[in-house]
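Quick notes on the structure that follows.
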Amino acid sequence: MIDLHRTLAHLHQTQTSISLSTTDLCFLLALRTRADRESLASFEEEILIDVFLQICELTEPGAENPRKRATHAIQRLRDQRFLARVDGAGFVRAGEYAMTRLAAAIVDFFLAEEALTRESLTLLTKTLLSHLAALKKAANQATQPEDWKREIIEPLRITVGDLVGGIERRQRGLDAQQEEIRERIGTLLKRDWFAAVDTCEQLLEDTTTTLRELNEVLLQDTSHLQALLQDIEQLAADANAPEAEAATRHVMEQVDRVAAWGTARQRTWSEYYQYVQSYLRNVVRLDPNRAVSQRLRDQLATFLAQPFGLVVADAPSIRLLRELEAHVERPPVTRPRQDREPPLEELPADSLPMALESHVRHALAEGARSLAEVLARVLPHVPPEERFRATGRVAALVSTEARVQAPHERTWTLVPGQLVVEDWSLQVPRSSS
Amino acid sequence: MKELLYERLEDVVQDELFPEVDLALREGHHIDASDTTRYGFLAEAQALLEGFYRRYACELIRSPDGYFYLLPSGERLGRRHLSVGEMLVGQALALLYLDPATIQAAGVLPRAQLLELLANLVGQDKLVAELNPRRRRRDERIAEELVRKELDKALRTLAALGFVELMEDERLRLRAPLLRFTEPVRGLGSPEDAMRQLIAQGQVLALETSEPEEEEQG
Numbered sequence: 029m030i031d032l033h034r035t036l037a038h039l040h041q042t043q044t045s046i047s048l049s050t051t052d053l054c055f056l057l058a059l060r061t062r063a064d065r066e067s068l069a070s071f072e073e074e075i076l077i078d079v080f081l082q083i084c085e086l087t088e089p090g091a092e093n094p095r096k097r098a099t100h101a102i103q104r105l106r107d108q109r110f111l112a113r114v115d116g117a118g119f120v121r122a123g124e125y126a127m128t129r130l131a132a133a134i135v136d137f138f139l140a141e142e143a144l145t146r147e148s149l150t151l152l153t154k155t156l157l158s159h160l161a162a163l164k165k166a167a168n169q170a171t172q173p174e175d176w177k178r179e180i181i182e183p184l185r186i187t188v189g190d191l192v193g194g195i196e197r198r199q200r201g202l203d204a205q206q207e208e209i210r211e212r213i214g215t216l217l218k219r220d221w222f223a224a225v226d227t228c229e230q231l232l233e234d235t236t237t238t239l240r241e242l243n244e245v246l247l248q249d250t251s252h253l254q255a256l257l258q259d260i261e262q263l264a265a266d267a268n269a270p271e272a273e274a275a276t277r278h279v280m281e282q283v284d285r286v287a288a289w290g291t292a293r294q295r296t297w298s299e300y301y302q303y304v305q306s307y308l309r310n311v312v313r314l315d316p317n318r319a320v321s322q323r324l325r326d327q328l329a330t331f332l333a334q335p336f337g338l339v340v341a342d343a344p345s346i347r348l349l350r351e352l353e354a355h356v357e358r359p360p361v362t363r364p365r366q367d368r369e370p371p372l373e374e375l376p377a378d379s380l381p382m383a384l385e386s387h388v389r390h391a392l393a394e395g396a397r398s399l400a401e402v403l404a405r406v407l408p409h410v411p412p413e414e415r416f417r418a419t420g421r422v423a424a425l426v427s428t429e430a431r432v433q434a435p436h437e438r439t440w441t442l443v444p445g446q447l448v449v450e451d452w453s454l455q456v457p458r459s460s461s
Numbered sequence: 002m003k004e005l006l007y008e009r010l011e012d013v014v015q016d017e018l019f020p021e022v023d024l025a026l027r028e029g030h031h032i033d034a035s036d037t038t039r040y041g042f043l044a045e046a047q048a049l050l051e052g053f054y055r056r057y058a059c060e061l062i063r064s065p066d067g068y069f070y071l072l073p074s075g076e077r078l079g080r081r082h083l084s085v086g087e088m089l090v091g092q093a094l095a096l097l098y099l100d101p102a103t104i105q106a107a108g109v110l111p112r113a114q115l116l117e118l119l120a121n122l123v124g125q126d127k128l129v130a131e132l133n134p135r136r137r138r139r140d141e142r143i144a145e146e147l148v149r150k151e152l153d154k155a156l157r158t159l160a161a162l163g164f165v166e167l168m169e170d171e172r173l174r175l176r177a178p179l180l181r182f183t184e185p186v187r188g189l190g191s192p193e194d195a196m197r198q199l200i201a202q203g204q205v206l207a208l209e210t211s212e213p214e215e216e217e218q219g
């Protein structure tokens, strides 16, 4: 499985890019043609230079130092992995080179010899059917995991996968061919207008026939292919061979894609076909001198001086009346009346403040001469949870009942209730004591 | 002899497609051959429906260019004429429809192409003035934005009438009814005569020219 993120990261990190000039591209095409003509698997350096010189003469006539340019071109193509040195002799002698898969793919695209035809599709699907039938037989007989790997998984991945891949590649070739035909029809009409009608119609008909035939083959054969693949998948599931199941499913997806291509392309082409036929019939044939465009252009340019409007029907939509609703008088927004005084509640009287006052006076009368002494006498009469609050009140009472003397550095004294207070000395007036 | 699919008007009205097609025609929609189902229905029922709509003082027209539409001639069914903005956009779209360059993409093109063509043919200033008669400003950016909005509005109307199809990614699909905009210039005679004839037929209404307004200051 291809790890896309890893591949992208690698390409980014290595700053991989491809740059191919017209001369280099022609050079590769010429190499491929020469290899086909002379059945060459690789090229000696002298052949490369010879081919480059011919191409250079064609694309850049009169260029200086063509041999030097050839050497640079070969190096450039090697750097970009279009050519690979296959002799392994290094600098010892002149090299021998082969075109890489990358170069072959680019050349194939431009040669466009691999567009799908009825013949090639029929041949490929029949070969596929026969391979799959053999694989089904092998799957029936496979008993060991090694049998599955050798007899089913590998052939599925390589032979069958390549065959389906071959169909897909040719489909892409046909897509490119259709794109060219569309462009050609547009160009023909632009250039020759009425005189191009027959050629355009012929191009349309030819492509329509090709697509219809391909779709017929696809519809007929892909169902057989899928049936065989399902049988193999079932056998793999029964034999507990998950790898074989996955390989089968992968091919099934490829076959699905191939079938979907046929339907999608036929639909798209059908729309295009109708559009162009309508154009040829209503525009080109009715206006052989191509005068309407110019007259419409003139009409548009002067339209604002003499405007007019096309008349169209404009019946309003049928209206459904709403059900009758009695008109309701809505009262003004008001706030509910409420008694803002909170209700009184009966609570037991808080006797602590009065009791504290009495206890403080009593403590002072008994001779307590510091805040800590007063607190030591008073706090035992106070519940523990009230002692902290009571301490503050006692301090306040003491300050009114006696004269407080607080030195600059006051001592901290522990009083009942685990409280520590800053202590004061007290001077009690005679009348109080 | 071709067998008739509908023998009586009742058969046509009973067809499931009738309410949908009838409402579309009454709302001014043009139905062309690319809408195979509704166009096929109309082609089959044409003879019966012509009499049916005549009673509403309307004419069911089948253009030789391959589309149907309803043309009211009396007051029984509502009618209206396209505005100046809608006519400008419609004619520009018709011009694009006639251009062989739009064939490659089967009549699909970006909206920007329409705006560019209109600006070239009519002129940006005239376009701004005509599409924003009450909101003239000196700010070019605001004016362009207003023109774009008005064009979008016109395109929505033309799409509702079946002249064009609005697609995703700011693209348009041109449709055969756009050829209605070329009617005044398609004949061999003079466009003036053709226009007079179209007005007499009730196909077209002559509009008054708008007076230029004073530009806002600032």
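As you go down the protein sequences, you meet chains A and G in turn. Quick note: the first sequence uses the numbering used here, first residue 29, plus one each step. Quick note: the second sequence uses the numbering used here, first residue 2, plus one each step. For glycine and all other residues, C-beta sits at the position ideal for the given N, C-alpha and C. Bear in mind that the values here come from a model prediction, so they are computed numbers and not experimental data.
Look at G:D16: its C-beta is not under 8 Å from any C-beta on chain A.
The segment 85-102 of chain G makes contact with the segment 118-132 of chain G, as at least three CB pairs between them are under 8 Å. The Cβ-Cβ distance between A:R293 and A:L239 falls below 8 Å. In the structure shown, G:E87 falls within a helical segment according to DSSP collapsed to helix, strand and coil. In the DSSP annotation of this structure, the continuous segment of the beta strand (DSSP E) that includes G:I62 starts and ends at 59-64.
The closest CA to that of A:H390, considering only A:L407, A:L36, A:D378, A:S47, is found on A:L407.
Interface with chain A (8 Å Cβ-Cβ cutoff): G:S191 is excluded.
In this structure, DSSP gives A:I346 a state outside helix and strand, which the three-state scheme calls coil. Only residues of its own chain outside the window of five on either side were considered, and among them V245 have a CB closer than 6 Å to the CB of A:T150, listed in chain order.
For G:P185, the chain A residues whose Cβ falls inside 7 Å of its Cβ are Q327, in order along the chain. With contact defined as three or more Cβ pairs closer than 8 Å, the segment 69-83 of chain A and the segment 97-111 of chain A are in contact. DSSP places A:S427 within a helical segment (H, G or I) once states are collapsed to three. Proximity of G:E131 to chain A, defined by a Cβ-Cβ separation below 8 Å, is satisfied.
Close to chain G, meaning a Cβ-Cβ distance shorter than 7 Å, are the following residues of the segment 296-316 of chain A: E299, Y300, Q302, Y303, V304, S306, Y307, N310, V311.
Bounds of any beta strand (DSSP E) do not take in A:T35; it lies within the alpha helix (DSSP H) bounded by 32-42.
As summarised for the segment 162-234 of chain A, the continuous alpha helix (DSSP H) elements at least 4 residues long and confined to that stretch are 189-220, given in chain order. As the crow flies, the alpha-carbon of G:V123 is around 33 Å from that of A:Y301. Interface with chain G (8 Å Cβ-Cβ cutoff): A:D342 is included. The DSSP assignment places 37-55 as complete runs of the alpha helix (DSSP H) inside the segment 23-62 of chain G, in order along the chain (cut-off: 4 residues).
The three-state secondary structure of A:F110, taken from DSSP, is coil.
By DSSP's assignment, A:M127 forms a beta bridge with A:L111. As DSSP reads the structure, A:S398 sits in a beta bridge with A:S453. When beta bridges are read from the DSSP output, G:M196 appears opposite no residue. G:D126 is the residue among G:T158, G:V22, G:D126, G:Q47 whose C-alpha sits nearest the C-alpha of G:I143. For G:R80, the uninterrupted beta strand (DSSP E) segment begins and ends at 80-82. Nearest CB-CB separation between G:L97 and chain A: not below the 8 Å threshold. Excluding its 5 nearest sequence neighbours in each direction, A:G194 has C-beta neighbours in its own chain below 7 Å: L152, listed in chain order.
Two segments are said to touch when three or more pairs of C-beta atoms, one from each, lie closer than 8 Å; by this definition the segment 218-234 of chain A does not touch the segment 247-262 of chain A. By the criterion of a C-beta distance shorter than 6 Å, A:L160 is surrounded in its chain by L256, once the five residues flanking it on both sides are discounted.
Using a 10 angstroms sphere on the CB of A:E450, the tally of other CB atoms stays under 16, which defines it as exposed. Taking C-beta separations shorter than 6 Å and ignoring five residues to either side along the sequence, the partners of A:V448 in its chain run W440, L442, following chain order. Residue pairing by DSSP places G:Y70 opposite G:I62 in a beta bridge. Looking at G:D23, G:E11, G:D66, G:Y7, the one whose alpha-carbon comes closest to that of A:I346 is G:D23.
Put simply, the segment 28-39 of chain G touches the segment 68-84 of chain G. At least three CB pairs are less than 8 Å apart. Shown here, A:G90 sits in coil according to DSSP, grouped into three states, outside any helix or strand. It is roughly 52 Å from the alpha-carbon of G:V186 to the alpha-carbon of A:L57.
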